[in-house]
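Per this note's numbering, the sequence shown starts with residue 3, numbered consecutively. Okay, so here's the structure we're looking at.
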Amino acid sequence: MTSVPAAAREALRSAMERHTQGDIAGALADARRAIELAPEFADARSYLGSTLATRSGRYAEGLAELERAKALAPDDAAICYTLGWCYEFVAHGVSRKPQAGLDPEELYRKAEGYLRRCLELHPEGKLKDDAQDLLASIIKEDVG
Numbered sequence: 003m004t005s006v007p008a009a010a011r012e013a014l015r016s017a018m019e020r021h022t023q024g025d026i027a028g029a030l031a032d033a034r035r036a037i038e039l040a041p042e043f044a045d046a047r048s049y050l051g052s053t054l055a056t057r058s059g060r061y062a063e064g065l066a067e068l069e070r071a072k073a074l075a076p077d078d079a080a081i082c083y084t085l086g087w088c089y090e091f092v093a094h095g096v097s098r099k100p101q102a103g104l105d106p107e108e109l110y111r112k113a114e115g116y117l118r119r120c121l122e123l124h125p126e127g128k129l130k131d132d133a134q135d136l137l138a139s140i141i142k143e144d145v146g
């Protein structure tokens with residue numbers, strides 16, 4: 003991966019700050035600016051994707067952005083975790099309120115696969131614990 007310009011990092015930092023203040027539209031705008039400045043900035047794409055999926059209800063767009071982040075950083079455990087978490091979030095949402103083109107069973111399978119990949123990459127600390135917990139809940143949902 004190439005070096006990320008300081009301006010792109012600052013735009014992502016601003017996005018996260020705006021998010022914590024409840025300004026989701028502003029956060030999305032700043033994340034998009036970070037990507038404009040550095041199209042290969044996987045963390046910015048991951049942030050944008052997860053925020054679109056979980057805070058804006060733009061499931062397909064968010065998951066597509068997360069897949070772009072994964073393509074840029076295939077061995078990043080945090081991005082694999084975020085993909086797993088977001089696929090689980092979307093699966094849960096569409097199992098309650100169906101959306102055309104989104105199959106909850108397929109989404110849960112993808113979530114499980116990304117969480118398993120995250121754990122294969124040997125994350126440490128909270129990331130490892132969170133991935134294990136979420137994976138266990140998905141497996142329980144599949145058999146329960």
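C-beta atoms are modelled at their ideal positions from N, C-alpha and C, and glycine is treated no differently. All figures in this text were calculated on a predicted structure; none of them were measured in a lab.
Taking the alpha carbon of residue i as the reference point, which residue from the options has its own alpha carbon closest?
i: residue 123; options: 27, 77, 5 and 10; result: 77
i: residue 7; options: 42, 30 and 29; result: 42
i: residue 24; options: 57, 38, 33 and 13; result: 57
i: residue 126; options: 95, 79 and 94; result: 79
i: residue 32; options: 63, 14 and 22; result: 14
Anyone know if the C-beta pair for residue i and residue j falls short of 8 Å?
i: residue 61; j: residue 86; result: no
i: residue 52; j: residue 88; result: yes
i: residue 46; j: residue 55; result: no
i: residue 118; j: residue 137; result: yes
i: residue 17; j: residue 9; result: no
Give the straight-line distance between the Cα atoms of residue i and residue j, rounded to the nearest whole angstrom.
i: residue 91; j: residue 71; result: 18 Å
i: residue 74; j: residue 49; result: 14 Å
i: residue 146; j: residue 140; result: Legend: pLDDT at residue 146 = 43, less than 50; position of this residue unreliable, value from coordinates given subsequently. Cα to Cα, the separation comes out at about 10 Å.
i: residue 114; j: residue 5; result: 31 Å
i: residue 68; j: residue 142; result: 25 Å
i: residue 38; j: residue 93; result: 30 Å
i: residue 36; j: residue 107; result: 33 Å
Practice task
Evaluate the contact criterion for the segment 128-139 versus the segment 92-103: three or more CB pairs, one atom per stretch, below 8 Å.
Solution key: Two segments are said to touch when three or more pairs of C-beta atoms, one from each, lie closer than 8 Å; by this definition the segment 128-139 does not touch the segment 92-103.
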